[in-house]
Every structure is written in structure tokens, then in C-alpha cells.
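K.L.:
One structure coming up, written as C-alpha cells, with questions to follow.
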Amino acid sequence: MKTRYYHLIISFLLLTTVVDAQQVVVGTGTLQSLFSPISRIRDYSVYEIIYYASDINVSGNLTHFAFERSDGDSTNPIQDVTLYFKLTSDSSLASTNYSDVGYQQVYHGTWPNDAGAGWREVVLTTPFVYDNISNLQVLVVKGYEPSLSGNPVAVRWLYNNATGTPIHARRYTGADPITTNTSLTTINFYANARLTFGSVGIVEIMNSSVRVYPNPASGQLNIEFKSDEIMNGLTFQIHDITGKLCYSEIFEESAFVNIENLSAGIYYCSIQTENRSWVQKLLIQ
Numbered sequence: 001m002k003t004r005y006y007h008l009i010i011s012f013l014l015l016t017t018v019v020d021a022q023q024v025v026v027g028t029g030t031l032q033s034l035f036s037p038i039s040r041i042r043d044y045s046v047y048e049i050i051y052y053a054s055d056i057n058v059s060g061n062l063t064h065f066a067f068e069r070s071d072g073d074s075t076n077p078i079q080d081v082t083l084y085f086k087l088t089s090d091s092s093l094a095s096t097n098y099s100d101v102g103y104q105q106v107y108h109g110t111w112p113n114d115a116g117a118g119w120r121e122v123v124l125t126t127p128f129v130y131d132n133i134s135n136l137q138v139l140v141v142k143g144y145e146p147s148l149s150g151n152p153v154a155v156r157w158l159y160n161n162a163t164g165t166p167i168h169a170r171r172y173t174g175a176d177p178i179t180t181n182t183s184l185t186t187i188n189f190y191a192n193a194r195l196t197f198g199s200v201g202i203v204e205i206m207n208s209s210v211r212v213y214p215n216p217a218s219g220q221l222n223i224e225f226k227s228d229e230i231m232n233g234l235t236f237q238i239h240d241i242t243g244k245l246c247y248s249e250i251f252e253e254s255a256f257v258n259i260e261n262l263s264a265g266i267y268y269c270s271i272q273t274e275n276r277s278w279v280q281k282l283l284i285q
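Set out below in C-alpha cells:
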């Protein structure tokens, strides 16, 4: 047996059943915006929004993300778009300066802008572990691209205009490059979004093809292969509650993991094989 040593104390496990890949639509608005979430009538744009856990209602690995296009004559892919996610307990946003502190970058590249209405989706470069306990805070930054003028020349996106509080979106659009001095203004434009999860849910690993134990652990975590499903190995990762990757390793056989260098707190352990992926909640003491 190959033995690998790392440093970990794990003392809490939340269990549910794994299900197939699943899509979740948050927002069914029919209003149209040239400015949010990605603006082509300005050289630069920033859009930040909180999607509530009560609206998502799924946990697992986020693998794809989409906004809903309405119309627009320009159909060229939108350049230099960066997408960030983080988990948050906040339910509202205030006007403030731009910051990506605490975020995990999950995508950078062009954003699809094909003709017609419908979802324009990207595949996340880095899957994001979502717990459905925290809210999901999303930051979309469009770097420089010369603005288009006119309506409906530029793309328009569908959104819901929700009045009242709490306000949970803010944005910037303009000709000035985005810096930490860029001011974001609160808005009640909540862009329709579609979230796609891989194999989702907090899995009961003890009954699956992989066993992770003991629970609670004291100094050593064991990863035990229990079926031929993982004959080609698995990827084992630990993320903190912001989605930041703290640890990643590929295992080809059952192994020891012995970790002592992670701060106390809540983490998420993800396990991915060729055919399935699972998420397991961890409390490190």
C-alpha cells in the first residue's frame, strides 16, 4: 500500500445522499439590462450579487455557470471576463469600492454571446464547492473591450427588479480601468442565473466506493478504496468555507492522511473519480 502523510484533525461529518448532475435556475425575471451582469456599452464593468441558499437549495461541486441573454445584434464573444465565487453569511450589499478579497477565481476568458435568447454558459476552470448553508456571492469583472453604442446593438440580459430591502447587488460600468478605487453602487437588478452542479450532495462516504475515517479523527485520516470504480485513482481536495483550495492530492491506492497545519474551522472535503464526485463537510479542531 502506498502511504502518504499529511496533517489533519477532522471531527464532524454531515451526511446525505449523492444525486446526479443538476441544474438550478435562480431568477425568472423578464426585464432587460444593457449594464448587468456584463456590459458591452461600457469599456469596463463589474457586477456583484448575492444568490441566497434558500433559492439554490443544492449542495455540491459547481461546474458550470450561466446568465440569461435576451437579445442584441452583436454576437461576438465578450472578451476578458473573470468570474469569482465565495461563500458568505451576508444577505445584503452596500455601496463600496471594488475588492476581490476572499473570492475564489473560478473562470477567466471569453463569455459566450451567441445570437438569440437563452442561457450563455461557461465551464468553470476550477469547480467550486458549495454547501447550501451559506449564500453564494458572485463577482463578474469585464476587462477592457471597446464599448458598443446603441440598443439593441449591445447584448441585453434578463433580470428581476426587486424593490425593497435587503439590496443584494451592486455594479460599476464606465471607461475607467477597474482598481481598488473603483466605486460600486448598489442596485436592485438581480440577474437570472443558472447553476450546474456535478454529482451533488454531501455523500455518505461510508456506504460508497470510498471510505474516509475515523470520524472524528485524531491525528490521522484514512482513505480506503472499496470498489473497482476507482481503479484509476481519485482526486482528494480540501477547501475552506470561502471555496479556497487548501489541499489537493491524487491517490491511486488506499492511504493515510495526517494533517496538523490547517486552522480550526469548517472545511469541505471533495472526492472525485472518473465518473462521480462527492462533497463532505468537515470541522477541523
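Each residue of the sequence shown is one higher than the one before, starting from 1 at the first, in the working numbering. Every residue gets a Cβ at the ideal spot worked out from N, C-alpha and C, and that includes glycine. Nothing here was measured: the structure is a model prediction, and the numbers come from that model.
Measure the CB-CB distance between residue 127 and residue 121 and report whether it falls below 8 Å.
P.N.:
no
K.L.:
Just grab the DSSP bridge partners of residue 249 for me.
P.N.:
236
K.L.:
In angstroms, rounded to a whole number, what distance separates the CA positions of residue 34 and residue 240?
P.N.:
35 Å
K.L.:
What are the start and end residues of the beta strand (DSSP E) that includes residue 191?
P.N.:
189-191
K.L.:
Between residue 248 and residue 164, what straight-line distance do the alpha-carbon atoms span, to the nearest angstrom?
P.N.:
43 Å
K.L.:
From the DSSP output, which residues share a beta bridge with residue 108?
P.N.:
82
K.L.:
Between the C-alpha atoms of residue 77 and residue 283, what's the straight-line distance to the nearest angstrom?
P.N.:
One C-alpha to the other measures close to 42 Å.
K.L.:
Throw me the rounded Cβ distance for the residue 166 and residue 92 pair, which I believe falls under 8 Å.
P.N.:
That pair is a contact at about 3 Å.
K.L.:
Report the residue from 125, 179, 50 and 252 whose alpha carbon sits nearest the alpha carbon of residue 108.
P.N.:
125
K.L.:
Candidates 250, 52 and 138: which alpha carbon is nearest residue 83's?
P.N.:
The shortest Cα separation from residue 83 among 250, 52 and 138 belongs to 138.
K.L.:
Look up residue 178 in the DSSP assignment and say whether it is helix, strand or coil.
P.N.:
coil
K.L.:
For residue 30, which residues of its own chain have a beta-carbon under 7 Å away from its beta-carbon, when the five flanking residues on both sides are left out?
P.N.:
158
K.L.:
Apart from the five residues on each side of it in sequence, which residues of its chain come closer than 7 Å, Cβ to Cβ, to residue 254?
P.N.:
1, 223, 224 and 225
K.L.:
Provide the residue(s) that pair with residue 185 in DSSP beta bridges, ordered along the chain.
P.N.:
171
K.L.:
Taking the alpha-carbon positions, what's the residue 49 to residue 193 distance?
P.N.:
Whole-angstrom Cα-Cα distance: 11 Å.
K.L.:
In whole angstroms, what separates the C-alpha of residue 306 from that of residue 129?
P.N.:
The structure shown does not extend to residue 306, since the chain spans only 1 to 285, so no value can be given for it.
K.L.:
Which of the three DSSP states is assigned to residue 56 in this structure?
P.N.:
helix
K.L.:
In angstroms, rounded to a whole number, what distance separates the CA positions of residue 238 and residue 73?
P.N.:
44 Å
K.L.:
Who pairs with residue 26 in a beta bridge, going by DSSP?
P.N.:
193
K.L.:
Using 10 angstroms around the beta-carbon of residue 261, count the other beta-carbons present and answer buried if the total reaches 16, otherwise exposed.
P.N.:
exposed
K.L.:
Just the Cα atoms here: how many angstroms apart are residue 23 and residue 106?
P.N.:
Those two C-alpha atoms are separated by around 18 Å.
K.L.:
Just to check my reading of the structure: residue 235 and residue 280 have Cβ atoms closer than 8 Å, yes? What is that Cβ distance to the nearest angstrom?
P.N.:
Not quite, the Cβ-Cβ distance comes to about 14 Å (not below 8 Å), so this is no contact.
K.L.:
Output the distance between the C-alpha atoms of residue 257 and residue 220, rounded to the nearest integer angstrom.
P.N.:
6 Å
K.L.:
Based on Cα-Cα distance, which residue from 264, 233 and 67 lies nearest to residue 246?
P.N.:
264
K.L.:
Measure the CB-CB distance between residue 180 and residue 98 and report whether it falls below 8 Å.
P.N.:
yes
K.L.:
For the beta strand (DSSP E) that contains residue 266, what are its first and last residues?
P.N.:
265-272
K.L.:
Count the other CB atoms within 10 Å of the CB of residue 202; is the residue buried (16 or more) or exposed (fewer)?
P.N.:
Low local confidence applies: a pLDDT of 36 at residue 202 is under 50, so the model's placement there is unreliable, with the coordinate-based value given in what follows. Looking at its Cβ environment, which holds 16 or more other Cβ atoms inside 10 Å, residue 202 is buried.
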